[in-house]
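Take a look at the structure set out below.
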C-alpha cells in the first residue's frame, strides 16, 4: 500500500478540489443535453425514469438533470465508485446502469475512468450489452490499488480514514449505488456506498468498532456516524442509484427477497436521494441514522417535500 | 477350532471395516466439505473451489453479512461456481455450522417469510432465484443469476444432489 504524508495529501487535496470545481463542476457548461431534457423552471433535484430498459433509463435520468456535459468536461478524469463487488442478484448495481454511465462519460470526452472499487469477477459477464461495449469496458482503469491516509477534522467519530488515492485525484467523482437492505443499518445506498472508497481496515473498524469495543454486533450509531464522517471526504459530482431490482431481505450480500420498483435515480444530493430510497424500503428517513447524521454535517437535505423530484415512465 | 473362530473373526473384520469406513468418511468430511459437491449431469465447475476454514477466510469471501454466521456459530464453508447444462450460472455455498441449532438459526434468518417451502433436508425454501436448505448442521445456498423457471429447476436438481451427499457423508 502506497501512502503519502497527510500534510502533502491535504495540500494536494485542496488543489484537486479546486481543479474539480473548475473542470467539471460549477464552471461546466449547462446546456449539455440534446436529448430532450425537462426544461422546468425549477432545477430537478432527483430525476427518476421508471421502466424495464435500465440502460436507457440511466441516460434519461442524467438528461433530465441537464445532460452529462453539465458535469463532465472534455479530457477530465473520472473516479467511478460502483457498488459492484457483490455476487448475488439484487445486491449489486445492474451492470447496464454502470455501462450507461461509462458510455455517457466517454461520449462527453473524458480521458480516463478510474474504478474505485474492484468489481465481482463476473460483473461484466452479467451485462447483456457487454458485447456491444467491449472497448469501453476494457478502457476502465483499476483505481482501487493505491491508498492514502486522510484526516477528517470535521468528523465526529471517524477522524482518519484510508481511502483510494484516485478518489481524491479524479477531476470528477461519480457515486453509483444500489438501494438495498443491510443487516446492520437496515438500509444502504449512496452514503454507505462511500465505504467502497475506503480500505478493508478502515471499514472493519467502522463496522465492528465503537463504544462496545470490537464486537460481531455492529454499534449502529457509531457505524452511522462513521458513514456520515466518511462522506465529508468528497462530495460526489453526480449520483446514480439503481432502484430497479434490489434485496429487501438478507442484505447486503443476499440471496434474499427482491423488490422491483424499476427506477433509476440521478441527482447530486446524496442525502436527499438516500431519503427517497429509504422510503422504497418502507423506512422513514428520520429513522435512518446515517441520513440524519449526514444531514447534520450539512451534506444535503433529507426533506423530500421541498425537493423537485421528476418521475417519468419510460416503458 | 477354526470353525469356532470363523464367525467371531468375520464379525470383528466386519466391525473394523465398517467403523473404519465410517471413521474415514467422518474424518474426510471433518476436513473437507468438498465431499458434498454435487454430481449432476452437465454441471461443471466455473472457477476454482474456494474454502473458508476460519473467520479470516469467511470475511474474505462474504462481503457484508459474514458476522451473522459468526454470531450463530460458524465452523467452515465452501464456495463453488458452476455452469449448468443449459449454460446458466449457479453459485453453491455450503456452510458447516457448529451444530444443528446454529444451522437452524442462520437458516431461519435467511429463509424469509414469502418463499415456497420445499420437502428437502430438515427445512428448505425456494426463492425467486435461489434455494436454501438446512440438513443437520449444514446450511446450503444455491443461487442462480435469473428467475427463470428452468433456473429454478436446476437449483432444485443441484440441491437434491448436495442433500444426497450430506445424507451419505454427513450423518
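Chains as they are written, first to last, in the UniProt record's numbering: chain B, 1 to 315; chain D, 1 to 171.
Glycine included, every Cβ here is placed at the ideal spot set by N, Cα and C.
Tell me the rounded alpha-carbon separation between residue i and residue j.
i              : j              : result
residue 138(D) : residue 97(D)  : 6 Å
residue 89(D)  : residue 157(B) : 42 Å
residue 136(B) : residue 98(B)  : 11 Å
residue 224(B) : residue 59(D)  : 21 Å
residue 292(B) : residue 42(D)  : 52 Å
residue 141(B) : residue 315(B) : 34 Å
residue 160(B) : residue 95(D)  : 36 Å
residue 163(D) : residue 119(D) : 11 Å
residue 157(D) : residue 112(D) : 22 Å
residue 147(B) : residue 164(B) : 4 Å
residue 109(B) : residue 203(B) : 34 Å
residue 106(D) : residue 43(B)  : 47 Å
residue 231(B) : residue 188(B) : 14 Å
residue 239(B) : residue 67(B)  : 13 Å
residue 246(B) : residue 180(B) : 6 Å
residue 87(D)  : residue 132(B) : 21 Å
residue 56(D)  : residue 77(D)  : 12 Å
residue 46(D)  : residue 146(D) : 17 Å
residue 85(B)  : residue 182(B) : 15 Å
residue 286(B) : residue 236(B) : 22 Å
residue 151(D) : residue 144(D) : 6 Å
residue 178(B) : residue 123(D) : 31 Å
So, is the C-beta of residue i closer than 8 Å to a C-beta in chain B?
i              : result
residue 145(D) : yes
residue 63(D)  : yes
residue 151(D) : no
residue 114(D) : yes
residue 127(D) : yes
residue 163(D) : no
residue 91(D)  : yes
residue 97(D)  : no
residue 130(D) : yes
residue 50(D)  : no
residue 155(D) : no
residue 120(D) : no
residue 84(D)  : no
residue 141(D) : yes
residue 68(D)  : yes
DSSP state of residue i, grouped into three classes?
i              : result
residue 94(B)  : coil
residue 96(D)  : strand
residue 253(B) : coil
residue 163(D) : helix
residue 234(B) : coil
residue 124(B) : helix
residue 120(D) : coil
residue 105(D) : helix
residue 83(D)  : strand
residue 50(D)  : strand
residue 221(B) : helix
residue 244(B) : coil
residue 51(B)  : coil
residue 158(B) : coil
residue 270(B) : helix
Hey, does residue i have any beta-carbon neighbour from chain D nearer than 8 Å?
i              : result
residue 258(B) : yes
residue 76(B)  : no
residue 86(B)  : yes
residue 255(B) : yes
residue 252(B) : yes
residue 126(B) : yes
residue 89(B)  : yes
residue 198(B) : no
residue 249(B) : yes
residue 243(B) : no
residue 57(B)  : no
residue 38(B)  : The predicted model places residue 38(B) with a pLDDT of 46, which falls under 50 and marks its position as unreliable; any figure quoted below should be read in that light. No - not a single Cβ of chain D is within 8 Å of the one on residue 38(B).
Would you mind sorting residue i into buried or exposed? The rule is 16 or more other CB atoms within 10 Å of its CB.
i              : result
residue 141(D) : buried
residue 150(B) : buried
residue 128(D) : buried
residue 154(D) : buried
residue 95(B)  : buried
residue 185(B) : buried
residue 73(B)  : buried
residue 179(D) : Residue 179(D) is absent from the structure shown; chain D starts at 1 and stops at 171.
residue 80(D)  : buried
residue 200(B) : exposed
Touching by the beta-carbon criterion (3+ pairs, under 8 Å), the stretch 248 to 260 of chain B and the stretch 120 to 129 of chain B | no
Would you check if there are 3 or more beta carbon pairs closer than 8 Å linking the stretch 48 to 59 of chain B to the stretch 299 to 314 of chain B?
-> yes
Spell out a yes or no on whether the stretch 77 to 92 of chain B and the stretch 169 to 179 of chain B are touching, meaning 3 or more CB-CB pairs, one atom from each, closer than 8 Å.
-> yes
On the three-pair Cβ rule with 8 Å, is the stretch 265 to 283 of chain B touching the stretch 112 to 120 of chain B?
-> no
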